Amino acid sequence: MDKLESIYKILYKAFGPQHWWPGGSPFEITVGAILTQNTNWSNVEKAIKNLRAAGAMNPKRLHHMPPHKLAALIRPAGYFNIKAKRLKAFVHFLMEHFDGNTTLMKNEDTDMLREKLLSIHGIGPETADSMLLYALGKPIFVIDAYTKRVLSRHNIMSHDKTYKDFQELFHAAMGRDRKRYNEYHALFVAVGKTCCRPKPRCNVCPLRPFLGNPGL
DNA sequence: GACCAGGCACATC
DNA sequence: GATGTGCATGGT
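Written as structure tokens, this is what we have:
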């Protein structure tokens, strides 16, 4: 097939390079991956800014920070009590297994690491894969609500298929190319924000000439 | 004021 | 296994 290749090219031409993940160390990206769960990125940026300003954007400081203090710093990102616990759980894992060193984590076998990440409270498939791809540069495709929405609307894959089903579609069709995975996922977010929204604006969909009218 | 945003865990049936 | 709910801020 190369429907997925064609869609990638169309989206890239329409929206251009997205420059994900914006700024930051690998550790900061893992923190961002947790903070952005079901949350607008602009709110996450405020929380990241607070953590930086407090000198807390490193594993040791976060590890030793009381949960209520962490929650206060990340308040703008929403779900702050939940996310404070999740960040603590992740940082605890990072300290225990890799001495707080993301480079050591990167050296771990990808499949093994993914399983370990998924076993951490508050880290599901999307967050784990975001960490693997954007923080550690592993060739793992990230599936999110946008990806599912765009693909299902255009009848590429049914919305009720599993995360794994969607992910395997990309892994099989595109080869394991981390740079393209990075860009492609970001492009799904771009198209999901402009036309393939919850309330669609299909008149401006760049995919329509290729795929026809979305099945809504 | 309703809707939406780069999910996940948990309860219930 | 499927479905529903709590978590919460800030922009549109």
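The opening residue of the first sequence carries number 6 in our numbering; numbering runs sequentially from there.
Glycine is no exception: its CB is placed at the ideal position from the N, C-alpha and C atoms.
Fair warning: this is a prediction, and the values are worked out from it, not measured in the lab.
Assignment of N63 by DSSP, reduced to helix, strand and coil, places it in the coil class. Spanning the alpha carbons of E10 and G83 requires a straight line of approximately 36 Å. Between the alpha carbons of F85 and P214 lies a gap of roughly 43 Å.
In terms of Cα proximity to K153, the closest of T167, K143, G142 and A140 is T167. Proximity to K111 across E33, L123, F95 and K143 peaks at K143, based on C-alpha coordinates. When secondary structure is reduced to three states using DSSP, T132 falls in the helix class. A residue is called buried when at least 16 other Cβ atoms come within 10 angstroms of its Cβ; S124 does not meet this threshold and is exposed.
Distance from the CA of R91 to the CA of H126, rounded to the nearest whole angstrom, comes to 6 Å. Counting of Cβ neighbours within 10 angstroms places S163 among the exposed residues, the total staying below 16.
The Cβ atoms of A140 and T41 lie no closer than 8 Å to each other.
Taking the CA atoms as reference points, I145 sits about 31 Å from G60. Assigned with DSSP and collapsed to three states, I39 falls in helix. Within the same chain, Cβ atoms closer than 6 Å to the Cβ of F95 are found at I125, the five residues on either side in sequence being excluded.
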